[in-house]
Amino acid sequence: MADDLIYGLHPVLAALRANPGQLEGVWLASGRDDRRLQEIETLARAGNVPCFRVARDELADMAGSPRHQGVVARRRAASSRHEPDFNDFVAKLPAKPFLLVLDNVQDPHNLGACLRSAEAAGCHAVIMPKDNSAPLSAVARKSASGAAENLPLYRVPNLSRALATLKEQGVWIFGAAHEADKTLYQADLTVPLALVLGGEGKGLRRLTRESCDVLIAIPMAGAVSSLNVSVAAGVCLFEAVRQRRR
28 MADDLIYGLH PVLAALRANP GQLEGVWLAS GRDDRRLQEI ETLARAGNVP CFRVARDELA
88 DMAGSPRHQG VVARRRAASS RHEPDFNDFV AKLPAKPFLL VLDNVQDPHN LGACLRSAEA
148 AGCHAVIMPK DNSAPLSAVA RKSASGAAEN LPLYRVPNLS RALATLKEQG VWIFGAAHEA
208 DKTLYQADLT VPLALVLGGE GKGLRRLTRE SCDVLIAIPM AGAVSSLNVS VAAGVCLFEA
268 VRQRRR
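So, in structure tokens, the structure goes:
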């Protein structure tokens, strides 16, 4: 399965609504004409995106999964797409940034789930390192359920340097670490904020941890010692939402 493919109703609809010019084609299941597929076909034709009707088995082969929900789209080659630039973003930071930073999250399902939570919480962007991180693949986009087409994702060559740049702009860096003395609920998350979560298993890397202004922990009452990174992201993000709306 190529990383330039998108499959599933929500991701393809979101891509067409956000920027149909990023797509070079949409493939729909033949013999299926329900409202959702008709909406996709209408949006595609309005955006001058070619549409093709093919058998469901062919869609499964394209997507690498039978869970394509009757639609697959192909994004244009990276060389013809505009990739978001982190320095441009920093130069135009909103007055009170709300950011999610992922340190070496390598599972595409987790990446997609984190993007979905970040978009739902109203984050301005997600930031992650270019290396040793999950690609924004079709699997990640499907898990994100449309969030990947609406939320900027910045891949930076040096995460510690990127965090230092944000700090220079007045952004507070809060890292989630189980060994932290302060809990999530004791922290003031109403400030210009970047929440940093570490990858599966290892958590925050040393340099990333040292780049944080504050370390916070999610209090755990059960026998397990940690949460899945996408679950932890949701907990932290929506505690920030609660405080920022208070």
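In my numbering, the protein residues as written are 28 to 273. For glycine and all other residues, C-beta sits at the position ideal for the given N, C-alpha and C.
For residue i and residue j, which I take to be in contact (beta-carbon distance under 8 angstroms), what is that distance rounded to the nearest angstrom?
i, j, result
"LYS209", "VAL241", "7 angstroms"
"GLY228", "ASP130", "In fact, because the Cβ distance is near 12 angstroms, the residues do not count as touching under 8 angstroms."
"ALA221", "VAL128", "5 angstroms"
"GLY202", "ALA171", "With 8 angstroms as the limit, GLY202 and ALA171 do not qualify as a contact, their Cβ atoms being about 23 angstroms apart."
"MET89", "LEU32", "6 angstroms"
"GLY97", "ARG59", "5 angstroms"
"VAL183", "ILE154", "6 angstroms"
"LYS123", "PRO219", "5 angstroms"
Could you check the C-alpha separation between residue i and residue j for me, to the nearest Å?
i, j, result
"ALA100", "LEU70", "13 angstroms"
"ASN159", "ASP134", "10 angstroms"
"GLU167", "HIS136", "Checking the sequence shown, residue 167 turns out to be Ala, not Glu. Looking at the two C-alpha atoms, the distance is approximately 5 angstroms."
"PRO93", "ALA244", "39 angstroms"
"ARG108", "ALA207", "Below a pLDDT of 50, predicted positions are generally treated as unreliable, and ARG108, at 47, falls in that range; the measurement from the model is reported next regardless. Roughly 41 angstroms between the two C-alpha positions."
"SER106", "MET247", "Unreliable placement is indicated for SER106, whose pLDDT of 46 sits below 50; the coordinate value is still reported in the next sentence. Cα to Cα, SER106 sits roughly 46 angstroms from MET247."
"VAL39", "ARG62", "14 angstroms"
"SER57", "ARG233", "52 angstroms"
"ARG103", "HIS95", "19 angstroms"
"ARG272", "LEU211", "16 angstroms"
"SER253", "GLY230", "10 angstroms"
"ALA161", "ALA41", "21 angstroms"
"PRO47", "GLU68", "12 angstroms"
"PHE113", "HIS37", "27 angstroms"
"GLN213", "ALA45", "38 angstroms"
"GLY249", "VAL258", "15 angstroms"
"PRO144", "ASN75", "A quick correction: the sequence has Ser, not Pro, at residue 144. Looking at the two C-alpha atoms, the distance is approximately 31 angstroms."
"LYS169", "PRO121", "28 angstroms"
"ARG83", "GLY173", "22 angstroms"
"ILE200", "LEU64", "43 angstroms"
In the DSSP assignment, what are the bridge partners of residue i?
i, result
"PRO21", "What the structure shows of the chain is the stretch from 28 to 273, and residue 21 is not part of that stretch, so it cannot be assessed."
"ARG271", "None, per the DSSP bridge assignment."
"LEU220", "PHE125 and TRP199"
"GLY225", "ASP130"
"ILE243", "ALA203 and LYS209"
"ILE67", "According to DSSP, ILE67 bridges with nothing at all."
"ARG80", "LEU55"
"VAL99", "TYR34 and TRP54"
"GLY16", "Because the chain is modelled from 28 through 273, residue 16 falls outside the range shown and cannot be assessed."
From this set, the options, which residue's C-alpha is nearest residue i's C-alpha?
i, options, result
"LEU126", "PRO111, ASN137, LEU142 and HIS136", "LEU142"
"ALA152", "SER164, ARG188 and ASP115", "ASP115"
"THR235", "HIS95, ALA174, ALA189 and GLY197", "ALA189"
"HIS205", "VAL183, VAL251 and ASN185", "VAL251"
"GLU146", "ARG273, ARG272 and VAL268", "VAL268"
"CYS263", "GLY249, ASP215 and LEU43", "ASP215"
"GLY91", "PRO47, GLY35, ARG62 and GLU66", "GLY35"
"SER238", "PRO124, THR217 and VAL198", "VAL198"
"ALA260", "VAL218, ASN75, THR217 and ALA148", "ALA148"
"PRO111", "GLU66, VAL258, LYS157 and ASN75", "LYS157"
"GLN270", "THR217, GLY249 and ARG44", "THR217"
"LEU224", "ALA174, LEU186 and LEU43", "LEU186"
"ALA165", "LEU86, GLU66 and ASN75", "LEU86"
"PHE265", "CYS150, GLY173, LYS169 and ARG44", "CYS150"
"GLU66", "ASN75, LEU43, ASP84 and ARG83", "LEU43"
Nearest chain D C-beta to residue i closer than 8 angstroms, yes or no?
i, result
"GLY74", "Protein chains in the displayed structure number just one, and chain D is not present."
Worksheet item: Would you say the region 159 to 178 touches the region 187 to 197, given that touching needs at least three Cβ pairs under 8 angstroms?
Response: Because the criterion of three Cβ pairs below 8 angstroms is not met, the region 159 to 178 and the region 187 to 197 do not touch.
Worksheet item: Quick check: the region 50 to 60 against the region 71 to 83, are there 3 or more CB pairs under 8 angstroms?
Response: With a cut-off of 8 angstroms, the region 71 to 83 and the region 50 to 60 count as touching, because enough Cβ pairs lie within range.
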